[in-house]
Structures are given as C-alpha cells and as structure tokens.
Amino acid sequence: MLASTMLLIAMFCAALLINVPYSEMSPGPTFNTLGSQGGQQVITISGRKTYPTSGNLNMVTVEVTNANYRMNLVEAVSGWLRHAVAVVPSSTLYPSGQTEQQSEQEDAEEFTASQDSAKTSALKQLGIPVGTEVVVSAVVADSPSVGKLHAGDTIVAVDGTKVGGDPTQVATLVQKHQPGQDVVFTVIPPGKSASDAQQVGVVTGSYPKNSGQPDMSGKAYVGIEPGTEHTFPFNININLGDVGGPSAGLMFSLGIIDKLQSTNLTDGKFVAGTGTIDDNGVVGPIGGISMKMIAARKAGAQYFFTPASNCSEAASATPSGLRLIKVTTLSGALTDLGDIRSGDLAALPSCGT
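Start counting at 1 in the sequence shown, then tack on 22, and there's your number in the working numbering.
1) Can you grab the Cα-Cα spacing for the pair Phe-379 / Ala-321, in whole Å?
2) Starting from Ile-177, follow its DSSP beta bridges and name the residues at the other end.
3) Please state whether DSSP places Thr-250 in a helix, a strand or coil.
4) Once the 5 residues before and after Cys-373 are set aside, which same chain residues still bring their CB inside 7 Å of it?
5) Take Val-84 and list the residues in its own chain whose beta-carbon comes closer than 8 Å to its own, dropping the five residues that flank it on each side.
6) Quick check: the Cα distance between Asp-188 and Gln-62, rounded to an integer number of angstroms?
7) Can you tell me the Cα-Cα spacing of Phe-133 and Ala-140, whole angstroms?
8) What are the boundary residues of the alpha helix (DSSP H) that includes Arg-363?
9) In the DSSP assignment, what are the bridge partners of Thr-183?
10) With DSSP as the reference, identify every bridge partner of Ala-219, one or two as the case may be.
11) If I follow the unbroken alpha helix (DSSP H) through Ile-279, where does it start and stop?
12) Excluding the 5 residues flanking Gln-324 on each side, which residues of the same chain have their C-beta closer than 8 Å to its C-beta?
13) Could you give the first and the last residue of the continuous alpha helix (DSSP H) run that contains Arg-70?
14) Of the residues Leu-352, Ile-210, Ala-193, which one's Cα is nearest the Cα of Asp-300?
15) Are the beta-carbon atoms belonging to Val-224 and Pro-151 less than 8 Å from one another?
16) How is the alpha helix (DSSP H) around Ala-318 delimited, first residue to last?
17) For Leu-276, which residues of its own chain have a beta-carbon under 6 Å away from its beta-carbon, when the five flanking residues on both sides are left out?
18) So, with DSSP's three-state summary, where would you put Gln-59?
19) Look at Gly-81 and Phe-274 and say whether their C-beta atoms are less than 8 Å apart.
20) Since I believe Ile-67 is in contact with Lys-198 (beta carbons under 8 Å), could you give me their beta-carbon distance rounded to a whole number of angstroms?
21) Run through DSSP, which three-state label would Leu-262 get?
22) Could you give the DSSP three-state label for Asn-332: helix, strand or coil?
23) Look at the alpha carbon of Ser-364 and the alpha carbon of Ser-284, and state the distance between them as a whole number of angstroms.
24) Can you list, in chain order, the residues of its chain with a C-beta nearer than 7 Å to that of Ile-260? Leave out the 5 residues immediately preceding and following it.
25) Quick check on Thr-194: buried or exposed, where buried means 16 or more other Cβ atoms within 10 Å of its Cβ?
26) Any heavy atom of the ligand PLP closer than 7 Å to the beta-carbon of Gln-200?
27) In the DSSP assignment, the beta strand (DSSP E) including Leu-346 goes from what residue to what residue?
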C-alpha cells in the first residue's frame, strides 16, 4: 500500500508538471442591451424619437484563459469533469500561434464590424434608409500615402470627382494618372463632419512589382485599401468596453429596434441570446454556446435565442429552466418575441425541430 501510495503521489506530481496544449473557457458576464453598464446606457440613440423599454435582451460572453497560460494535465482532467467550464485545444482560441494581443485586436475589429451590421440590419428591418460611404481601410507601409491619408478617412472625391459607395471607383480614378503625377483626395478625417473636409495631394508611384498583380505593372499607385462603411440618418452608439467578437450582433439589433419602436419587445420577460448578424439580418453561428447558456441562465434568463447552426450542441447541454429558441433571421426573432408576449409558446421554434 505504501508503494502504491508513493506511486500515486509521484504520478500526481508528474501530472502537475506536464503541460498540455489546452485552454479553458468559462461563462462570462451578460449585459442587458436595454439597460446600463457603468452608469451609461448600453445603447444610446440621439436625433430620433425613442420609446421606453422594459425586461431584458441580454447578450452573453465567454471568458477564456490567456494565450500564455500553460495548462497542466491535472487542470485539464479537472476541467473535463466540471460542468461549468470547457477545456478546448489552445489552437481553437489562438490559431497559428496567435498572441493574446493579436487575438484581442481581432476580437475588437469583429466587435466593431458586428455593431455596424447590427445597426444596419435593425434600421433595414424598420424601413429606415441606410447609406454607404467609401473609407480608407488601411494605408500600405512605405507607400506614397503614408502620412497623408489615414485609416478611417472618408473619401468624398478624387480630383474633384465625387466618390459614391463603390470603393473600386477610387482605383479607377487614381489610375487615370501616370506614376509621378499628383492626385488630389477630398477626405473627411475620422470623427469629423462634412464641414471639416480637406484636400490632400498625393504624388503617385508605380505599382510595386512584388504586389502579385502583374497586370498592374507601370500603373499609378498611392498605397491605400479602400473599403465601405454604412452611414445612418441619426446617431446610434453601443457603449461596452472590454467586450470583443461578433456574437452579440443579433441582441444589439433587437435592442436597437426595441428603443426605436413603440412595441415593448419583451413585455418584461428575461430573454437572452447570441448569434452573429449580417447587414440583411441573417443570424450566423458562434462559439462557446454551452458556456453562454450557463451564463444566461445564471443571470436569470428564461428564453435563449440560439443560432440554428448551434442548435444540436446547445440542445445536448441546456441548463434547467432555460428554453432554447432556434433563430435564423432577425425578422424571425421578432416574430418569436411576439409569441412570447402573447403567451403562444407552442409556436416558438425549438432546437429539437
């Protein structure tokens, strides 16, 4: 027995020293898109009439161990045995050796993009026009535009020709020049208004030979990547710090709609959910569904919007007292909220159907 005990102790100590390529996910905080966080409303709208809201439309989050965390074998086994955490390969959270800083930057960019799509899909659902504008998405290092044009600049015109919502128009106008000639951009710096527009001259260079686009050889080049952003007829701000990723899109859209129309979407009920959303209101899959359901139920949610693609995984690990609602589109989610308000729960699409 002594020998066996000593062997077990030795094995346990060895397990503490053996690192395994896994990370841990756990339920994170939830935020009511109709409520406030840190003394400020999560969604604020100005320049348009808004209506009182009640109840909850909560977005949910997942907490993960950082990229430098080294899990040992004991922690991995313990995590696999616990219901409230998930042990996953580190490559799932930090692919290709991605650093924590790189992951946070990617999450922040996805979070910003999801807000833009949430606003766009919400306004389209309400029949409110949404415009587009061409912006500088990035400035290429060591290019003629460095120090002259900046990421986030809105491109109003090139050489006096107005630019619509098509970013390819910028390249067409630039390439009317020969390398070495001036091209004049009319731009609005980030956070400024049309009255702050300024003209910026850039001397074109020749398209780099190593660009991978031989058909562009010898053509004029300024070194920017044009993209598009939506423009809205009034201000919509989403005020949440330290949150990243695209999975709150659906709940942001619902929160915006609830504030912009007279119908109280939840009728005081506690609804949570997750799902990406595109400009046309199509809901997409997310990661960490089991942890997000636990977070939602712990916060008090009764109903949980679940992307159809996540339904199979979610149905096998649904917390007691939480009703899953399968969702594929924003308009479908609005219909489901109507059924919740009327008490017609049998009409709700479940993850089992």
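Even for Gly, the Cβ is constructed at its ideal location relative to N, Cα and C. Note that the structure is a prediction, hence the values are computed from the model and not measured.
In terms of the structure at hand:
1) The displayed coordinates of the chain run from 23 to 375. Any statement about residue 379 would go beyond what the structure contains.
2) The residue given as residue 177 occupies position 155 in the sequence shown. Note: Ile-177 sits in a beta bridge opposite Val-209.
3) Counting from 1 along the sequence shown, the entry for residue 250 is found at position 228. Three-state DSSP puts Thr-250 in a strand.
4) Position 351 of the sequence shown, counting from 1, holds the residue named residue 373. Counting only Cβ-Cβ distances below 7 Å, and skipping sequence neighbours, we find Thr-328, Cys-333, Ala-336, Ala-337, Leu-346, Lys-348.
5) Position 62 of the sequence shown holds residue 84. Answer for Val-84: Met-47, Ser-48, Pro-49, Gly-50, Gly-309, Gly-310, Met-313, Lys-314, Ala-317, listed in chain order.
6) Translated into the one-based positions of the sequence shown, residue 188 becomes position 166. Translated into the one-based positions of the sequence shown, residue 62 becomes position 40. C-alpha separation (whole angstroms): 36 Å.
7) In the sequence shown, counting from the first residue as 1, residue 133 sits at position 111. In the sequence shown, counting from the first residue as 1, residue 140 sits at position 118. Taking the straight line joining both Cα atoms gives about 10 Å.
8) Taking the first residue of the sequence shown as position 1, residue 363 is located at position 341. From DSSP, the alpha helix (DSSP H) with Arg-363 extends over 352–364.
9) Translated into the one-based positions of the sequence shown, residue 183 becomes position 161. Val-180, per the DSSP bridge assignment.
10) For the purposes of this step, residue 219 is taken as residue 197 along the sequence shown, with counting starting at 1. According to DSSP, which records beta bridges pairwise, Ala-219 is partnered with nothing at all.
11) Translated into positions along the sequence shown, residue 279 becomes position 257. Counting along the chain, the alpha helix (DSSP H) containing Ile-279 begins and ends at 271–282.
12) Residue 324 sits at position 302 when you count from the first residue of the sequence shown. Cβ within range, chain order: Lys-291, Phe-292, Val-293, Gly-343, Leu-344, Arg-345.
13) The residue you call residue 70 lines up with position 48 of the sequence shown. Note, Arg-70: premise wrong, no alpha helix (DSSP H); not H, not E.
14) Position 278 of the sequence shown holds residue 300. Considering only alpha carbons, the answer is Leu-352.
15) Residue 224 sits at position 202 when you count from the first residue of the sequence shown. Residue 151 sits at position 129 when you count from the first residue of the sequence shown. Not in contact: Val-224 and Pro-151 (Cβ atoms no closer than 8 Å).
16) Counted from its first residue, the sequence shown places residue 318 at position 296. Counting along the chain, the alpha helix (DSSP H) containing Ala-318 begins and ends at 311–321.
17) In the sequence shown, counting from the first residue as 1, residue 276 sits at position 254. Only Leu-79 meet the Cβ criterion.
18) Here residue 59 corresponds to residue number 37 of the sequence shown, with the count starting at 1. If DSSP states are grouped into helix, strand and coil, Gln-59 belongs with the strands.
19) In the sequence shown, counting from the first residue as 1, residue 81 sits at position 59. In the sequence shown, counting from the first residue as 1, residue 274 sits at position 252. According to the sequence provided, residue 81 is Met. The question's Gly does not apply to it. Yes; because the gap between Cβ atoms is below 8 Å, this pair is in contact.
20) The residue you call residue 198 lines up with position 176 of the sequence shown. The residue you call residue 67 lines up with position 45 of the sequence shown. Wrong, their Cβ atoms sit about 42 Å apart, outside the cutoff.
21) Stepping through the sequence shown from its first residue, residue 262 is reached at position 240. In the structure shown, Leu-262 sits in coil (DSSP, three-state: anything other than H, G, I, E or B).
22) As a first step, residue 332 must be located in the sequence shown, where it is residue number 310. It is helical.
23) Position 342 of the sequence shown holds residue 364. Position 262 of the sequence shown holds residue 284. Spanning the two alpha carbons is a distance of roughly 16 Å.
24) Taking the first residue of the sequence shown as position 1, residue 260 is located at position 238. Taken in chain order, the residues that qualify are Val-64, Ile-65, Gln-137, Phe-274.
25) Residue mapping note: residue 194 aligns to position 172 of the sequence shown, counting from 1. Classification of Thr-194: exposed, given that the 10 Å Cβ count is below 16.
26) Within the structure as shown, the ligand PLP is missing, as the structure has no ligands at all.
27) Numbered from 1 along the sequence shown, position 324 holds the residue referred to as residue 346. Residues 345–349.
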